[in-house]
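What follows is one structure encoded as structure tokens, with my remarks underneath.
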């Protein structure tokens, strides 16, 4: 049985002109675990997940999925590799319902032998699929035909996460999933992340909410100025050290705590 991590980043380097955004970054995340990617603004977190998601191409280094190198040349390649990303803007269509948002850009149509513009939508099948995912993840939503624009922030976030879970076979990446949410809505999203982990998905979470990180993450990687400056297990005894790494309170760039 293979012991390769679900997703591995090896010596990832990315420049934007004279700016070194990623400097030999390496990290791993395995199935059924939550990895917290931490760091202050400008640490390189967003650049890294955009490289994983195929938005940017690495200048050097490798991205491996289940031990095999994958050239993330565009977002379609990342999705084909089973990687889905939920950015802070969620990318939802407010005038559409849950099913339409789930399948936006991936609509199921038949028959396959006709040109795409002449096929008819498989509305019932798409609705059944979205309902199955929402039910499996225990997401509480209003009527299936309700437009997303009428839903709360937590419900919108849940739809975006569930949409990723519906198509991600390996990795879900969440960028600040509880930002601007109230306590109850944050609780719903955190429970959803834990359910994804329990289903065997590898999850990467970018978050500034340390309490949330301590609750849901199995491992934490801290970045600063484009480099990985430390790793730790998010436990109470490591909290002060993790915060110190984020704000630059530790001098060593290579110190790591025991797993």
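Numbering (the numbering used here), first residue to last: 1 to 259.
Glycine included, C-beta positions come from ideal geometry on N, C-alpha and C.
No experiment lies behind these values; they were computed from the predicted model shown.
Taking three-plus beta-carbon pairs below 8 Å as touching, is the region 215–230 in contact with the region 24–36? yes
Can you find at least 3 beta carbon pairs, one from the region 165–173 and one from the region 194–202, that sit closer than 8 Å? yes
Minimum C-alpha distance to residue 62 - residue among 159, 26, 19 and 243: Position 62 of the chain shown, counting from 1, holds the residue named residue 62. Cα-wise, what sits closest to residue 62 is 26.
Can you name the start and end residues of the alpha helix (DSSP H) that residue 196 belongs to? Taking the first residue of the chain shown as 1, we reach residue 196 at position 196. That run of the alpha helix (DSSP H) goes 183–198.
Please tell me whether residue 213 and residue 165 are closer than 8 Å, where the distance is taken between their beta carbons. Taking the first residue of the chain shown as position 1, residue 213 is located at position 213. Taking the first residue of the chain shown as position 1, residue 165 is located at position 165. Between residue 213 and residue 165, the gap from beta carbon to beta carbon reaches 8 Å or more.
Pairwise C-alpha distance: residue 242 and residue 11: Position 11 of the chain shown, counted from the first residue, corresponds to residue 11. Position 242 of the chain shown, counted from the first residue, corresponds to residue 242. The alpha-carbon atoms of residue 11 and residue 242 are separated by roughly 22 Å.
Work out the CA separation of residue 87 and residue 18 for me, nearest whole Å. Here residue 18 corresponds to residue number 18 of the chain shown, with the count starting at 1. Here residue 87 corresponds to residue number 87 of the chain shown, with the count starting at 1. C-alpha separation (whole angstroms): 26 Å.
Is residue 74 near residue 159, with beta carbons less than 8 Å apart? For the purposes of this step, residue 74 is taken as residue 74 along the chain shown, with counting starting at 1. For the purposes of this step, residue 159 is taken as residue 159 along the chain shown, with counting starting at 1. No, these two residues do not count as a Cβ contact at 8 Å.
Within this structure, are the beta carbons of residue 22 and residue 44 separated by less than 8 Å? Taking the first residue of the chain shown as 1, we reach residue 22 at position 22. Taking the first residue of the chain shown as 1, we reach residue 44 at position 44. Cβ atoms of residue 22 and residue 44: closer than 8 Å.
First through last residue of the beta strand (DSSP E) which encompasses residue 139: On the chain shown, position 139 is the one that residue 139 refers to. Here residue 139 belongs to no beta strand (DSSP E), and DSSP marks it neither H nor E.
Using the three-state DSSP reduction, which class does residue 211 fall into: helix, strand or coil? The count along the chain shown starts at 1 and reaches residue 211 at position 211. If DSSP states are grouped into helix, strand and coil, residue 211 belongs with the helices.
Roughly how many whole angstroms lie between the Cα atoms of residue 121 and residue 248? Taking the first residue of the chain shown as 1, we reach residue 121 at position 121. Taking the first residue of the chain shown as 1, we reach residue 248 at position 248. Cα to Cα, the separation comes out at about 53 Å.
Can you find the residues in the same chain that come closer than 7 Å, C-beta to C-beta, to residue 181, ignoring five residues on each side of it along the sequence? Reading the chain shown from its first residue, position 181 is the one you call residue 181. Once the five neighbours on either side are set aside, the close Cβ partners of residue 181 are 153, 154, 157 and 189.
What does the Cβ neighbour count give for residue 230, buried or exposed, with the cut at 16 atoms within 10 Å? Here residue 230 corresponds to residue number 230 of the chain shown, with the count starting at 1. So residue 230 counts as buried.
Around the Cβ of residue 84, are there at least 16 other Cβ atoms within 10 angstroms (buried) or fewer (exposed)? Here residue 84 is taken as the residue at index 84 of the chain shown, counted from 1. Label assigned to residue 84: buried.
Look up residue 55 in the DSSP assignment and say whether it is helix, strand or coil. Locating residue 55 in the chain shown gives position 55, counting from the first residue. Coil.
Can you tell me whether residue 124 is buried or exposed, with buried defined as 16 or more other CB within 10 angstroms of its CB? Here residue 124 refers to the residue found at position 124 of the chain shown. Exposed, because fewer than 16 other Cβ atoms sit within 10 Å of the Cβ of residue 124.
Residue 234: buried (16+ other C-beta within 10 angstroms of its C-beta) or exposed? Position 234 of the chain shown, counted from the start, is the residue given in the question as residue 234. Note on residue 234: 16 or more other CB atoms within 10 angstroms of its CB, so buried under the neighbour-count rule.
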